[in-house]
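S.K.:
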């Protein structure tokens, strides 16, 4: 009996060790132990093609899928170039109700004929275009390896960006945007990273023609008051 008990104890210990190792690898892969290093740098002027949405930021996945699928069809017919998809987060979800937050999903256009072809295709599918100026941002990168890394990233990245802006005596950053390098011949980000930016100047341009959050909140309250009367 003693050796049976000993055997099961050893088996249990081995299983526990294996699960712990698996858990550590999973958490590490998702970015739990990733050190967030923030820099202040300029983001070059570019042209964005985008579609605006209202709703929970967590619902953005299908929107990214749509714009990437449309862009891939154009890219594959031309030169298979790597391009940048982008999500622009207009509102702070701690201040604006989650189901009313505004965001945009689109593409930072590459230069030349490829960019023109992408813009034409996306315009035919309801996307808008706008030139963005060179802007100063606080920025960092974070692993992008599934849902867990997204959850961890949100909780680590955005507080770090706000803190860095404050320490640099910059305005509260926003809007925020994230970009992904997309290879039309592969799946997911080309390097397993998502790049996060908090805009600290020329902020109005990154609102993409929308009112800022304070004005938007006034509109929401006025609409709600109107329903009550």
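Residue numbers (full-length UniProt numbering): 1 to 229.
The beta-carbon is built from N, C-alpha and C at its ideal position, and this holds for glycine as well.
Between residue 105 and residue 60, which are expected to be in contact by the criterion C-beta below 8 Å, what is the C-beta distance as a whole number of angstroms?
M.R.: Along the chain shown, read from residue 1 onward, the residue named residue 105 stands at position 105. Along the chain shown, read from residue 1 onward, the residue named residue 60 stands at position 60. So it is a contact: roughly 6 Å between Cβ atoms.
S.K.: Quick check: what's the CA-CA separation for residue 99 versus residue 90?
M.R.: The count along the chain shown starts at 1 and reaches residue 99 at position 99. The count along the chain shown starts at 1 and reaches residue 90 at position 90. If you take the alpha carbons of residue 99 and residue 90, they lie about 13 Å apart.
S.K.: Which one or two residues does DSSP pair with residue 130 in a beta bridge?
M.R.: Your numbering for residue 130 matches position 130 in the chain shown. In DSSP, residue 130 forms a bridge with 48.
S.K.: Does DSSP classify residue 205 as helix, strand or coil?
M.R.: Locating residue 205 in the chain shown gives position 205, where the first residue counts as 1. Correct three-state label for residue 205: helix.
S.K.: Quick one: is residue 87 buried, meaning 16 or more other Cβ sit within 10 Å of its Cβ, or exposed?
M.R.: In the chain shown, the residue the question calls residue 87 occupies position 87. Counting Cβ neighbours within 10 Å, residue 87 comes out buried, since at least 16 surround it.
S.K.: Under 8 Å by Cβ, that's how I've got residue 205 and residue 132 pegged, so tell me the actual separation to the nearest angstrom.
M.R.: Taking the chain shown and counting its residues from 1, one reaches residue 205 at position 205. Taking the chain shown and counting its residues from 1, one reaches residue 132 at position 132. Indeed they touch by this definition, with Cβ atoms about 6 Å apart.
S.K.: For the alpha helix (DSSP H) containing residue 42, list its first residue and its last residue.
M.R.: For this step, residue 42 is matched to residue 42 along the chain shown. First-last for residue 42: 39-43, but that is the beta strand (DSSP E), not the alpha helix (DSSP H).
S.K.: Do residue 143 and residue 192 have their CB atoms nearer than 8 Å?
M.R.: Within the chain shown, the letter at position 143 stands for residue 143. Within the chain shown, the letter at position 192 stands for residue 192. Cβ atoms of residue 143 and residue 192: closer than 8 Å.
S.K.: Mapping the DSSP letters down to three states, classify residue 159 as helix, strand or coil.
M.R.: Position 159 of the chain shown, counted from the first residue, corresponds to residue 159. In this structure, residue 159 counts as helix in the three-state DSSP scheme.
S.K.: How big is the Cα-Cα spacing for residue 171 and residue 77?
M.R.: Here residue 171 refers to the residue found at position 171 when the chain shown is read from its first residue. Here residue 77 refers to the residue found at position 77 when the chain shown is read from its first residue. If I take the Cα positions, the gap works out to 43 Å.
S.K.: Please report the straight-line C-alpha distance between residue 167 and residue 40, rounded to a whole angstrom.
M.R.: The sequence position of residue 167 within the chain shown is 167, counting from 1. The sequence position of residue 40 within the chain shown is 40, counting from 1. If I take the Cα positions, the gap works out to 11 Å.
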